[in-house]
Every structure is written in C-alpha cells, then in structure tokens.
Amino acid sequence: MIKARIRSQCENSNLGDYEKVYRSFSWEKFSEQLVKDQTGRIDLVGSAIDLWADNPETADQVALIVEKAGEIRRFSYQDLQEISCQWANMLSGLGYCSGDRLFVLLPQGPEIYFAMLACARLGVVFCILHSKADFAQLEACLLNGKPKGILTHPDYLERLPAEALTSVRHFLLTQGPPVATSGHEVVINEIITSLPKRCDPKFHSPKTPLYIVYTSGSTGPPKGVVHSHGDSVGIKASAYYALDLHPGDILWTDGDPGWVTGTVYSSFAPWLCGASSVVQAEPFSASTWYRTLERHKINVWYTSPMILRKLVAAGEDLPGRYDFSKLRHIASVGEPLTPELFFWCRNNLNHPPHDTWWMSETGMILVANFCTMDIKLTSIGRPLPGVETAVVDENGEPLNFLTMGELAVRPNWPAMASGLWQDRERYEDYFRREGWFLTGDMAVTDEDGYIYLQGRNDDLIKVEDKFIGPYEVEQIIARHPSVSEAAVISRTSVEGPVTMKAFVTVHSDIPPSSRLNLEIKAYVKANLSPDIPLKEVEFMDELPKTSTGKLVRRALRAKELGLPAGDTMNMTD
11 MIKARIRSQC ENSNLGDYEK VYRSFSWEKF SEQLVKDQTG RIDLVGSAID LWADNPETAD
71 QVALIVEKAG EIRRFSYQDL QEISCQWANM LSGLGYCSGD RLFVLLPQGP EIYFAMLACA
131 RLGVVFCILH SKADFAQLEA CLLNGKPKGI LTHPDYLERL PAEALTSVRH FLLTQGPPVA
191 TSGHEVVINE IITSLPKRCD PKFHSPKTPL YIVYTSGSTG PPKGVVHSHG DSVGIKASAY
251 YALDLHPGDI LWTDGDPGWV TGTVYSSFAP WLCGASSVVQ AEPFSASTWY RTLERHKINV
311 WYTSPMILRK LVAAGEDLPG RYDFSKLRHI ASVGEPLTPE LFFWCRNNLN HPPHDTWWMS
371 ETGMILVANF CTMDIKLTSI GRPLPGVETA VVDENGEPLN FLTMGELAVR PNWPAMASGL
431 WQDRERYEDY FRREGWFLTG DMAVTDEDGY IYLQGRNDDL IKVEDKFIGP YEVEQIIARH
491 PSVSEAAVIS RTSVEGPVTM KAFVTVHSDI PPSSRLNLEI KAYVKANLSP DIPLKEVEFM
551 DELPKTSTGK LVRRALRAKE LGLPAGDTMN MTD
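The sequence shown begins at 11 in this note's numbering and counts up by one.
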C-alpha cells in the first residue's frame with residue numbers, strides 16, 4: 011500500500027459529496043428513470059434510445075460514432091431507433107422471439123450495435139464473441155450456448171467449427187454474396203432497407219436474459235455469464251457516478267465489444283445517460299488513439315492500463331501535438347494502476363486516471379475512484395453508492411482494515427449476473443459464504459474505506475502466519491530502474507516452506523546478468539520486507555499475456571511444471 015493521497019481537482023460532478031450520497035442512496039432513483047409498463051416490466055431500448063429519439067430536442071443528437079478504414083459514420087438517436095427497429099423486424103420475421111440466442115462474430119463495426127439493440131427489443135439473448143477468438147474458444151462457446159443464429163461476415167464462416175453448429179438455423183451475413191453453408195443464409199443488406207422503421211415497444215421482466223458473455227475460469231471451461239434487462243438500473247447508475255456522464259457527453263470506451271467492458275460501456279451505458287459513444291475500429295497506434303481523443307472531442311475516456319502502457323512506450327513527445335481540451339475525465343479498468351502510469355497520464359494527458367473495478371459477473375462498475383474523491387495511489391477506490399463491500403475471512407466474517415482477505419459484495423446490486431449458462435453449480439459457488447458474493451480477489455481496506463487489490467486468491471503466498479499477494483511484490487520489482495515488467499508466482503516444495511519466483515523483463519538497453527539478479531532480490535527485501543521469500547529471478551524476453559494485456563500466471567506455473575501453457579494471446583480474460 012502507498013499512503014500518498016492525490017487531492018481531487020474536480021469541483022463539480024454528478025456524485026458530489028460521496029459520504030452524503032452513499033448514506034441516502036436508493037436504486038429506486040435510477041429505476042424510476044426507465045421506461046416501464048404498469049406491471050414494472052422494462053423497455054430497455056425505449057429507455058436508452060427511443061426516449062431521446064422521440065424528443066424533438068434530442069432526436070438528431072449523435073448517439074454512435076464509428077471510425078473504421080478511414081471512414082467516419084455518425085448515427086443519431088433517431089437513426090438508431092429506425093435501424094434497430096428494422097433489424098428487430100428482420101429477426102422477428104425469421105421467427106426469433108424472447109429466449110432465443112443470437113451469437114455475433116464480427117470485427118468492430120456498427121452492425122454489432124444494431125444487433126444488440128434489435129435483440130434487446132425482442133428479448134433475444136445476444137452474445138458478442140471476440141473477433142480474434144480461436145477455434146477451440148468458439149467451439150466451447152457455441153456448444154454451450156447453442157445459438158439459433160450467428161451474425162457474421164462471409165470471411166469468418168470458415169472459422170466456425172462445424173461440429174458446434176447443430177443448433178444454428180440462420181447465418182446472418184453482413185455482406186453478400188452468400189456462400190454455401192449447412193444452414194440458411196440471410197444477406198442482411200439485401201433485405202434490411204425494405205423493412206419498416208418502426209416496431210411496437212416490448213416490455214420485459216427485469217429477470218429476462220439480455221446477453222451472455224464468456225469468460226475464462228480457473229477450474230473449468232469458459233463460463234457463460236448471463237445478464238438481464240434489469241441490469242439497466244445499475245448500468246445507468248455506474249455510468250452516472252463512476253464515469254460522470256452527462257447528457258450530451260461524448261464517451262470513448264476503447265475495449266472490444268467482445269469483452270464485457272465494451273458490451274456495457276460502449277452501448278447501453280452512454281445511451282441511458284443521453285450521451286454519445288465513440289467506436290474506434292482501427293488497429294492500435296498511439297497516434298490513432300491521440301487523434302481519436304482530439305478529433306471526436308472526447309469528454310470521458312474509459313481505457314485500461316494496457317493501453318496506457320502502450321502510450322508510454324510511444325514516448326512523451328506525441329501527446330503535446332494533440333488537443334485534449336475537451337477531455338474531462340479518464341477512467342481505467344483491468345488491473346490496478348501503478349504510480350508510474352498514474353503520474354505519466356496526469357503529466358502528459360492533463361488528467362489523472364481514475365481506477366475502477368468490476369467483473370464480468372458483476373455487470374457494472376462496483377468500485378471506483380470517483381471524480382470528487384481524493385485518489386490514493388494503487389487503490390481501486392471505494393464502493394459505488396448502493397454497493398456494500400467487505401474483506402472477509404474463510405468463514406465470511408468481515409475483517410478489520412489492513413487485514414488481507416477476500417473481497418466480497420452484498421448480492422443486492424441490480425446488475426449482478428443472474429446465472430452461468432447451463433452451469434448452476436459453478437454459479438452457486440460464488441455464494442458459498444452466506445450473505446456474500448465472493449469475487450476471488452484478495453484485498454485489504456484502509457481506515458478510510460479505500461480498497462487495495464492483492465491478487466487473485468489462487469495467486470496468494472502464505473509466509474508464516476500471513477498472506478502475501480504477488481501484486482505488491484511485482485510493483486516493487488517493477489520500480490527497479492532496470493526492470494520493465496515482472497510477474498511473481500509461488501513455488502511449493504516437499505523439502506521446505508513456500509517460496510517465490512519472479513519472472514522479469516528488462517529494458518532493451520539492459521543485459522540480464524547474475525549481478526542484476528542479486529540486485530533485484532536485494533531491492534525487494536530492502537523496499538518491502540527482509541522476510542519476503544523471493545528465492546529465484548528468471549529473465550524472460552516477454553511475459554505471457556492475453557490479447558488484452560492481462561498477465562497469465564497460470565502459464566508461468568505450467569512452465570515451471572514442464573506443462574504446455576497454450577497460446578496465451580488467444581486466451582480469454
């Protein structure tokens with residue numbers, strides 16, 4: 011833990027006084043803002059799109075901006091209303107109804123968002139598959155989800171595993187001409203323009219499934235996390251407080267829609283707040299990212315430490331060439347921000363990044379460093395109003411501050427996953443401590459209620475009578491002037507106590523050496539604790555990561571055991 015406190019420089023925000031709002035908060039405030047019928051059923055698209063499209067003052071406001079292949083396409087709220095109705099009418103004409111499943115395998119583009127809205131109108135459950143998912147991942151998801159249809163591009167058809175397509179009745183193609191498949195092909199652009207631009211509003215129970223997102227599990231195959239229409243209450247509240255979205259704002263969430271962050275915060279979240287969403291479909295480059303912030307006059311940017319590290323690697327001369335004057339708030343998700351990333355961002359982009367925390371299973375941001383709240387370095391912040399968290403022991407009992415345990419959440423927030431698709435047993439395991447949803451993340455809290463993550467529960471290292479998380483050790487190693495990145499795992503032995511091993515990459519101009527190995531071990535003991543059992547340091551060219559930049563420690567464990575780890579770049583998060 012780093013005790014440094016960065017004073018808030020934001021005077022006005024939606025949240026205001028955190029303590030006051032937290033004490034008096036009620037989810038009903040946001041529930042009342044949704045379009046409902048007399049029985050309490052929700053019209054999610056009515057709340058996110060039609061509400062603004064039917065208002066003459068906001069109908070022409072831009073809701074979606076997509077930049078792809080040098081072309082910029084803008085869609086107003088009225089455009090999205092009409093297009094999503096046409097797509098809903100197409101699906102309805104093909105026999106899709108509430109409970110059916112439509113999987114989407116496409117590169118970034120507006121069709122993904124048209125499909126999401128159309129499915130939400132009808133109660134069809136959508137699942138956005140990552141465009142870079144490999145054969146095995148696609149097979150596992152399709153066999154589990156058994157979709158009725160797949161929305162895809164003709165070039166992607168050959169990637170689909172034939173053995174997993176037995177449930178598929180339609181291949182909805184974004185372009186023609188059709189190619190021979192085992193199912194019925196529908197070329198969307200040949201029929202969509204002739205369909206009506208209006209459709210009757212449909213209301214759904216808050217418990218009606220909305221989407222499935224697949225995420226990896228440490229003890230089994232990918233989990234199909236199910237979220238429901240009732241998530242809209244929490245999605246709007248979190249966008250309002252954690253991202254500080256105002257009507258008319260322009261939000262850029264640079265996560266792929268195949269990940270839950272992109273699914274939630276590049277679509278429904280901004281639209282429920284009357285804001286615009288920017289989608290950058292070009293491959294990453296620092297100049298592209300900076301140009302996007304400038305060209306589209308981004309007000310709120312939701313990004314990740316992985317992206318920030320790439321910007322750092324591109325140098326400090328680039329940011330000064332661009333105009334970020336419209337940017338008001340930067341938020342980050344994926345892993346705790348290091349002090350180095352925090353200060354680089356503040357110094358070069360003129361705004362401090364505000365860490366947030368949530369999971370695929372939580373469906374919304376649950377913990378954040380809010381605009382009007384002081385930031386404590388390496389802390390993920392404090393719970394969103396309406397969310398109760400605690401650090402608990404093995405019996406589910408809350409622990410005192412500065413005591414490590416598992417981060418747990420009271421299961422009463424509106425965007426909590428309603429289940430795991432076809433896997434009730436694994437879902438119930440989240441609630442094995444009565445009254446808590448167990449996140450699997452180890453953490454400590456300080457006297458002010460700030461939360462500090464210490465790694466996953468299966469990454470913990472017990473030293474005598476206390477647990478040590480690898481994250482803190484990794485951060486110390488990464489501060490060594492010769493080190494670029496570090497990962498730490500535990501090593502067990504029948505001959506002695508548990509020890510640590512560090513895997514380290516060094517800067518390109520630094521040669522690995524025995525002397526540097528000894529320096530790193532001494533540096534950790536001097537800056538953290540002389541009792542840290544760091545027994546070995548191994549230099550590597552690069553650390554195993556997923557395609558989103560998350561460290562895969564299990565690949566390092568597999569390496570130590572001489573087991574295959576697979577292609578980590580194709581691992582899902």
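Where is the CB? At the ideal position from N, CA and C, for every residue including glycine.
Since the model is a prediction, treat every value here as computed from it, not as a measurement.
If you draw a straight line from the Cα of R331 to the Cα of F513, it is about 36 Å long.
According to DSSP, P363 shares a beta bridge with I340. When secondary structure is reduced to three states using DSSP, T68 falls in the coil class, being assigned neither helix nor strand.
Contact between P171 and F136 does not hold, since the beta-carbon distance rounds to 20 Å and is not under 8 Å. E484 is classed as buried because its beta carbon has at least 16 other beta carbons within 10 Å across all chains shown.
Using a Cβ distance threshold of 8 Å, K511 and I499 count as a contacting pair. Annotation for T298: the continuous alpha helix (DSSP H) segment containing it runs A296 to R305. Pairing E304 with D264 gives a Cβ-Cβ distance that is not under 8 Å.
Nearest to N405 by C-alpha distance, out of V377, W446 and M369, is W446.
When the Cα atoms are used, L153 and S518 turn out to be separated by approximately 44 Å. Counted as a single uninterrupted DSSP element, the beta strand (DSSP E) harbouring G450 occupies residues F447 to T455.
About 4 Å separates the beta carbon of Q118 from that of A291, a gap short enough to meet the 8 Å contact definition.
In terms of CA proximity to Q48, F213 leads the group F213, M426 and I520.
Counting every other CB atom within 10 Å of its CB across the protein chains shown gives H364 a total of 16 or more, marking it as buried. In the DSSP annotation of this structure, L167 is not part of any beta strand (DSSP E), being labelled neither H nor E. Burial state of I245 is buried, judged by a 10 Å Cβ sphere holding 16 or more other Cβ atoms.
Annotation for I93: no beta strand (DSSP E) segment contains it, though the alpha helix (DSSP H) segment containing it runs Y87 to G103. Distances from the alpha-carbon of M452 to those of K158, R564, V419 and A63 put V419 closest. About 12 Å separates the beta carbons of A488 and L561, which is beyond the 8 Å limit, so they are not a contact pair. Between S57 and W281, the alpha-carbon positions lie close to 8 Å from each other. In the DSSP annotation of this structure, F380 is not part of any alpha helix (DSSP H), being labelled neither H nor E. Secondary structure note for V310: its beta strand (DSSP E) is the uninterrupted segment V310 to T313. The C-alpha of T455 is placed about 20 Å away from the C-alpha of K30. I390 has no beta-bridge partner at all, per DSSP. DSSP places E77 in the strand class (E or B) of the three-state scheme. Contact between L167 and C151 is ruled out by a C-beta separation of about 16 Å, above the 8 Å threshold.
For T49, the secondary structure class from DSSP, reduced to helix, strand or coil, is coil.
For the stretch 412-439, the continuous alpha helix (DSSP H) assignments of 4+ residues that do not extend past its boundaries occur at 434-438, in sequence order. With respect to A69, L90 sits apart: the two C-beta atoms are not nearer than 8 Å. Counting only the Cα atoms, P540 lies some 44 Å from A425. When secondary structure is reduced to three states using DSSP, M126 falls in the helix class. In the three-state reduction of the DSSP assignment, G244 falls in the helix class, which pools H, G and I. Beta bridge pairing from DSSP links Y221 with F136 and H237. Sorting K386, K545, P120 and M100 by C-alpha distance to the C-alpha of E81 places P120 at the top. The C-beta distance from C381 to S23 rounds to 4 Å, short enough to meet the 8 Å contact threshold. Taking C-beta separations shorter than 8 Å and ignoring five residues to either side along the sequence, the partners of C107 in its chain run L132, G133 and V134, following chain order.
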